[in-house]
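Participant: Structure incoming, see below.
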Amino acid sequence: MPMTRPASLAVDLGDEGSIAVPLPVLGWASVAALYAAVRLAVALNAPVAGAELWSLSGAWAAHAGADDARFTGALAQAIAAATFAFTDSALPARLVLALLGSVVLAVAAARLRAVVGDGPLLVAAALVALDPFLAASGGTASSLALDVPVALLLFAVAVRPLATAWPWPVLAAAIAVCGPLPFLLALVLLAARLAVAQYPRPLTAALAAVGAIAGIAAASVGFGFRTLGLAVPPVDLFAASFDAEWSTGTAAELALLYGWPLLAAGGASAGWVIAGWARGADVPQGWQRLGLSWGGIGLVWLIAGAGSHAWAPVPAVSMPAALLAGAAAPRLWERLRSSAWRLAAPPLAAIAVMAASAGLFAFGWAFGRPNGSALLAILLVGGAGAMAALLAASRPTRPATFLVPLAFGFLWLVAMTGRAASPGPAEPVYSPAATAQGRVIRAAAIELADGRGRIAVHPDLVDDVTWPLRRSGTLLVTDRPPADAAVFLAPGGTTAPEGYLELEGPWAFLRLTGPPESVRGVLRWLASRNVHPSRDEPVAMFARPTP
Numbered sequence: 025m026p027m028t029r030p031a032s033l034a035v036d037l038g039d040e041g042s043i044a045v046p047l048p049v050l051g052w053a054s055v056a057a058l059y060a061a062v063r064l065a066v067a068l069n070a071p072v073a074g075a076e077l078w079s080l081s082g083a084w085a086a087h088a089g090a091d092d093a094r095f096t097g098a099l100a101q102a103i104a105a106a107t108f109a110f111t112d113s114a115l116p117a118r119l120v121l122a123l124l125g126s127v128v129l130a131v132a133a134a135r136l137r138a139v140v141g142d143g144p145l146l147v148a149a150a151l152v153a154l155d156p157f158l159a160a161s162g163g164t165a166s167s168l169a170l171d172v173p174v175a176l177l178l179f180a181v182a183v184r185p186l187a188t189a190w191p192w193p194v195l196a197a198a199i200a201v202c203g204p205l206p207f208l209l210a211l212v213l214l215a216a217r218l219a220v221a222q223y224p225r226p227l228t229a230a231l232a233a234v235g236a237i238a239g240i241a242a243a244s245v246g247f248g249f250r251t252l253g254l255a256v257p258p259v260d261l262f263a264a265s266f267d268a269e270w271s272t273g274t275a276a277e278l279a280l281l282y283g284w285p286l287l288a289a290g291g292a293s294a295g296w297v298i299a300g301w302a303r304g305a306d307v308p309q310g311w312q313r314l315g316l317s318w319g320g321i322g323l324v325w326l327i328a329g330a331g332s333h334a335w336a337p338v339p340a341v342s343m344p345a346a347l348l349a350g351a352a353a354p355r356l357w358e359r360l361r362s363s364a365w366r367l368a369a370p371p372l373a374a375i376a377v378m379a380a381s382a383g384l385f386a387f388g389w390a391f392g393r394p395n396g397s398a399l400l401a402i403l404l405v406g407g408a409g410a411m412a413a414l415l416a417a418s419r420p421t422r423p424a425t426f427l428v429p430l431a432f433g434f435l436w437l438v439a440m441t442g443r444a445a446s447p448g449p450a451e452p453v454y455s456p457a458a459t460a461q462g463r464v465i466r467a468a469a470i471e472l473a474d475g476r477g478r479i480a481v482h483p484d485l486v487d488d489v490t491w492p493l494r495r496s497g498t499l500l501v502t503d504r505p506p507a508d509a510a511v512f513l514a515p516g517g518t519t520a521p522e523g524y525l526e527l528e529g530p531w532a533f534l535r536l537t538g539p540p541e542s543v544r545g546v547l548r549w550l551a552s553r554n555v556h557p558s559r560d561e562p563v564a565m566f567a568r569p570t571p
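Heads up, the sequence shown is in my numbering, so the first residue is 25 and it goes up one at a time.
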C-alpha cells in the first residue's frame, strides 16, 4: 500500500531554503488559539453569574468555615476555595480551571486523533471552541467547569482503551469529584458494556473502584475545607440542575436562543448516521455509536430539565453534537465539491443579497425606524427560500443548498460566542448576575460598621450576600437587628427598623436578565447589547445614625 503524506504548507525562508508545515498542524494551532482566546475572554469579561455565582458562594462559605448547602465538595469548588486564601477575586480560579480543562481536553483530543482522524476532529474542536455554552462553562469557575473535559477524556478512553489499567484510579476519582456529565456518561458506558457481556478486567474494576472511593472521600471532607458527611458531587449537582436558580431563562429558551446551530448540526448529523445505519448502507464506527449514546442521554437530561432555570444540560448535548457534526463534515465537503458551482453561484449571491436586505428591513422594523418593514422582510425571506428551493430542485446544484443553512448557522454561532466572550450589561446567558454595585454596598457597610457594631442581614438575603459581602466579617442573620448592629440589609421595600435610617439609592446585589420574549425583542437584542431590558433585585440598606 503506498504511503502518503499529509498536505503541507511550504514557507519560503529565502537563501536558507524552505520548511513544510503540515496542514493538520496549522489547523490544530489555529483551533487551539481560538479556543484559548475565547476562554480567556470569558474569564476576563464575564460577570459572576448563574451556576458560577452559586458555586463561588458555596466555595467562599467553605473557605470561611461556614455551613452552606451550595458547597458540594466538587473539585472546581475546592480549587476556588483554595484561591481565596490570597484573593477574593474569581479570576484566579477561572484561569486555573480553564488551564486545567484545556490540558485535559488536549489529552483527550490526542487520544482521539488516531481513531477519529484529523479532519473530523478539527471540525468538532472548532465547534467546541465556538459554542457559547461550552465557552461560558469552560471560562468560568462554576462547579461544572471541568465536566466537559473529563467527559471527553472518558469518551476517548472508551473509544481507544488504555494499554494499562493504572490510570483508571485518577480518571474514576475525577469523575467522582466533577459534575453530572462525566458521571452520566460513565453510567452509559458501563450499561452498554454489561448489555453485551463485556465485563471489565478485575484489575481495572478494582482500581476504578479505589479511585471512585478516594474521590468521594475527598469530597466528603470538602478537600479539607469543611466536612460534609457522605458527599457525591455528581449526584448533588445533578439535583441542583433542576432545583437551583442557575439562570433566569429556562434551559429550553436559552438552548434555542444561543445554541440552536450546533444542536441542529448535531441532530442532522445523528439523523444522517442513523438513516444510513438503518438502510445497512453505512455502519457507523464505534466512536460514532458511542457519540449517539452520549447525545441521547444528554438529550434526555435536556428534555427533562427543559423548564428548569439552569442551562447545565445543554453542554451534555452540545459536546456529542460537535463530535457527530465533525464525523459528517467530510461527506458534506464531498457533497459541496460535487455541486455545479458555476450554476449555483448566481442564485447563492441573490440569496445573500435578499437575506441581507431582509435583515436591514427587519432591524429597522424592530427599532421603529422609517426604513423598517416587517412585510418587506418576510417577502425577501420568502424570495430567498424560493431561490433555495430552485437550487435544491436541480440535481447539479442541489448540494450547494447546504451552504444556506450552514452560513446562517455559522454567523449566528459566531455572534453568540461573541456575546458569551464579551457580554453586555444585560446578557441572558449570564443571569442572575452579581452587580458591580455589590462592591459599593460592601465598602459602605464595612465603613459604617467600623467601630460601631456589626452588619446584620435579613434571612431572605442570606444566599444573595455570601459572594458580594465576602471579607466583611461575621454577618448576623436576623429580621430584627439588635442594638449592636450598625448596618442592616433587607429586601427592597422593607420598613426601616426603629433606630435606623435608610440610605437612599437604588441598591442591588443581583441583576436579572431574561431571554427576549418576542420576534421584535430578539431582533433588538441581536442588533444592540444595550437595549435588552433587565431588572435589579432591590435591596434596602439601613444604618444607625452617628451619636
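Cβ atoms here follow ideal geometry from the backbone N, Cα and C, with glycine treated the same way.
Keep in mind it's a predicted model, so treat the numbers as computed, not measured.
Does DSSP put PRO515 in a helix, in a strand, or in coil?
Facilitator: Reading the sequence shown from its first residue, position 491 is the one you call residue 515. If DSSP states are grouped into helix, strand and coil, PRO515 belongs with the strands.
Participant: Going by other Cβ atoms of all chains shown within 10 Å of its Cβ, with 16 needed for buried, is GLN101 buried or exposed?
Facilitator: By 1-based counting over the sequence shown, the position of residue 101 is 77. Buried: at least 16 other Cβ atoms inside 10 Å.
Participant: Is it right to say GLN596 is buried, meaning 16 or more other beta carbons lie within 10 angstroms of its own, or is it exposed?
Facilitator: Residue 596 is absent from the structure shown; the chain starts at 25 and stops at 571.
Participant: Where does ASP560 fall in DSSP's three states?
Facilitator: Along the sequence shown, one-based indexing puts residue 560 at 536. ASP560: strand per DSSP, three-state reduction.
Participant: Checking 9 Å against the spacing of the C-beta atoms, do PRO569 and LEU525 come in under that value?
Facilitator: Counting from one through the sequence shown, the residue named residue 569 turns up at place 545. Counting from one through the sequence shown, the residue named residue 525 turns up at place 501. The answer is yes: Cβ separation under 9 Å.
Participant: So for VAL501, helix, strand or coil by DSSP?
Facilitator: On the sequence shown, position 477 is the one that residue 501 refers to. Strand, per DSSP.
Participant: How many angstroms separate the CA atom of ALA122 from the CA atom of PRO521?
Facilitator: Along the sequence shown, read from residue 1 onward, the residue named residue 122 stands at position 98. Along the sequence shown, read from residue 1 onward, the residue named residue 521 stands at position 497. Distance between the alpha carbons of ALA122 and PRO521 is about 46 Å.
Participant: For a minimum of 4 consecutive residues, which ranges assigned as the alpha helix (DSSP H) are wholly contained in the region 417-480?
Facilitator: Here the runs fully enclosed are 427-445 and 461-473.
Participant: Please state if the CB of THR502 and the CB of ALA509 are separated by a distance shorter than 9 Å.
Facilitator: Locating residue 509 in the sequence shown gives position 485, where the first residue counts as 1. Locating residue 502 in the sequence shown gives position 478, where the first residue counts as 1. Yes, these two residues count as a Cβ contact at 9 Å.
Participant: Rounded to whole angstroms, what is the Cα-Cα separation between TRP301 and PRO206?
Facilitator: One-based indexing of the sequence shown puts residue 301 at position 277. One-based indexing of the sequence shown puts residue 206 at position 182. Roughly 27 Å separates the two Cα atoms.
Participant: Hey, would you say CYS202 sits closer than 9 Å to VAL181, going by beta carbons?
Facilitator: Here the question's residue 202 lines up with position 178 in the sequence shown. Here the question's residue 181 lines up with position 157 in the sequence shown. Cβ atoms of CYS202 and VAL181: not closer than 9 Å.
Participant: When the Cα of LEU209 is compared with those of GLU358, PHE262, VAL139 and ILE103, which residue comes out closest?
Facilitator: As a working mapping, residue 209 is identified with position 185 in the sequence shown. With distances taken between Cα atoms, LEU209 lies closest to PHE262.
Participant: Please determine if the region 265-280 and the region 324-333 are in contact, where contact requires at least 3 C-beta pairs separated by less than 8 Å.
Facilitator: Touching, per the Cβ criterion.
Participant: Classify ILE199: buried if its beta carbon has 16 or more other beta carbons within 10 angstroms, exposed otherwise.
Facilitator: Taking the sequence shown and counting its residues from 1, one reaches residue 199 at position 175. Buried, by the Cβ-count rule.
Participant: Would you kindly work out how many angstroms separate the C-alpha atoms of LEU287 and THR490, rounded to a whole number?
Facilitator: To locate residue 287, count along the sequence shown from 1; it is residue 263. To locate residue 490, count along the sequence shown from 1; it is residue 466. Going by the C-alpha atoms only, they are around 36 Å apart.
Participant: Would you mind working out which of GLY392, SER446, GLY396 and VAL546 sits nearest VAL66, comparing C-alpha positions?
Facilitator: Indexing the sequence shown from 1 puts residue 66 at position 42. Checked all of GLY392, SER446, GLY396 and VAL546; the closest Cα to VAL66 is SER446.
Participant: How would you write the range of the alpha helix (DSSP H) that TRP284 sits in, first residue to last?
Facilitator: On the sequence shown, residue 284 is found 260 positions in, with the first residue counted as 1. Taken as a continuous stretch (DSSP letters only), the alpha helix (DSSP H) holding TRP284 covers 284-303.
Participant: Identify the continuous beta strand (DSSP E) that holds LEU536 and give its terminal residues.
Facilitator: For the purposes of this step, residue 536 is taken as residue 512 along the sequence shown, with counting starting at 1. LEU536 -> beta strand (DSSP E) spans 531-536.
Participant: Quick one: residues in its chain with C-beta nearer than 8 Å to the C-beta of LEU372, no 5 flanking neighbours on either side, listed in chain order?
Facilitator: Along the sequence shown, one-based indexing puts residue 372 at 348. Here the set comprises LEU415, ALA424, LEU427 and VAL428.
Participant: What does the Cβ neighbour count give for TRP357, buried or exposed, with the cut at 16 atoms within 10 Å?
Facilitator: Against the sequence shown, residue 357 aligns to sequence position 333. Its Cβ having fewer than 16 others within 10 Å, TRP357 is exposed.
Participant: Buried or exposed: where does PRO354 fall if 16 or more other Cβ atoms within 10 Å of its Cβ makes it buried?
Facilitator: Taking the sequence shown and counting its residues from 1, one reaches residue 354 at position 330. By the neighbour-count rule (16 or more Cβ atoms within 10 Å), PRO354 is not buried but exposed.
Participant: Less than 8 Å between C-beta atoms, sequence neighbours within five positions excluded: which residues of the same chain meet that for PHE434?
Facilitator: Counted from its first residue, the sequence shown places residue 434 at position 410. Correct list, in chain order: PRO285.
Participant: Report yes if the C-beta distance between ALA73 and ALA458 is below 9 Å; otherwise report no.
Facilitator: Here residue 73 is taken as the residue at index 49 of the sequence shown, counted from 1. Here residue 458 is taken as the residue at index 434 of the sequence shown, counted from 1. Yes, the pair counts as a contact, with Cβ atoms nearer than the cut-off.
Participant: Can you check the region 98-160 for any alpha helix (DSSP H) of at least 4 residues that lies completely inside it and give the ranges in chain order?
Facilitator: Within the region 98-160, the complete alpha helix (DSSP H) runs of at least 4 residues are 99-107, 115-140 and 142-154.
Participant: By the three-class DSSP mapping on this structure, what secondary structure does ALA336 have?
Facilitator: Against the sequence shown, residue 336 aligns to sequence position 312. The answer is coil: DSSP assigns ALA336 none of H, G, I, E or B.
Participant: Among GLY523, GLY529, ALA507 and ARG504, which has the Cα closest to the Cα of GLY516?
Facilitator: Residue 516 sits at position 492 when you count from the first residue of the sequence shown. Nearest C-alpha to GLY516: GLY529.
Participant: Going by DSSP, which residues form a beta bridge with MET565?
Facilitator: Counting from one through the sequence shown, the residue named residue 565 turns up at place 541. DSSP, once it has assigned bridges, lists LEU513 as partnering MET565.
Participant: Assign TRP190 to one of two classes, buried (16 or more other C-beta atoms within 10 Å of its C-beta) or exposed (fewer than that).
Facilitator: Here the question's residue 190 lines up with position 166 in the sequence shown. It is exposed - the Cβ of TRP190 has fewer than 16 other Cβ atoms within 10 Å.
Participant: Just confirm the distance between the C-beta atoms of LEU314 and VAL183, as a whole number of angstroms; I'd bet it's less than 8 Å.
Facilitator: The sequence position of residue 314 within the sequence shown is 290, counting from 1. The sequence position of residue 183 within the sequence shown is 159, counting from 1. Yes, LEU314 and VAL183 are in contact; Cβ-Cβ is about 6 Å, under 8 Å.
Participant: Tell me, which residues are paired with GLU269 by DSSP?
Facilitator: Taking the first residue of the sequence shown as 1, we reach residue 269 at position 245. GLU269 pairs with nothing; no bridge assigned.
Participant: If you draw a straight line from the C-alpha of ALA532 to the C-alpha of LEU485, how long is it?
Facilitator: Residue mapping note: residue 532 aligns to position 508 of the sequence shown, counting from 1. Residue mapping note: residue 485 aligns to position 461 of the sequence shown, counting from 1. Those two C-alpha atoms are separated by around 11 Å.
Participant: With distances taken from CA atoms, which of VAL245, LEU186, ALA197 and ARG135 is nearest HIS87?
Facilitator: By 1-based counting over the sequence shown, the position of residue 87 is 63. Answer by Cα proximity: VAL245.
Participant: Going straight from the alpha carbon of VAL324 to that of VAL341, what length do you get?
Facilitator: Counted from its first residue, the sequence shown places residue 324 at position 300. Counted from its first residue, the sequence shown places residue 341 at position 317. The alpha-carbon atoms of VAL324 and VAL341 are separated by roughly 9 Å.
Participant: Out of curiosity, what's the CA-to-CA distance linking ALA241 and VAL543?
Facilitator: The count along the sequence shown starts at 1 and reaches residue 241 at position 217. The count along the sequence shown starts at 1 and reaches residue 543 at position 519. So the alpha carbons of these two residues sit roughly 50 Å apart.
Participant: With DSSP run on the structure shown, which of helix, strand or coil describes LEU227?
Facilitator: By 1-based counting over the sequence shown, the position of residue 227 is 203. Residue state, collapsed to three classes: helix.
Participant: With LEU367 and PHE385 assumed to form a contact (beta carbons below 8 Å), what rounded beta-carbon distance in angstroms separates them?
Facilitator: Here residue 367 corresponds to residue number 343 of the sequence shown, with the count starting at 1. Here residue 385 corresponds to residue number 361 of the sequence shown, with the count starting at 1. About 29 Å separates the two Cβ atoms, so there is no contact after all.
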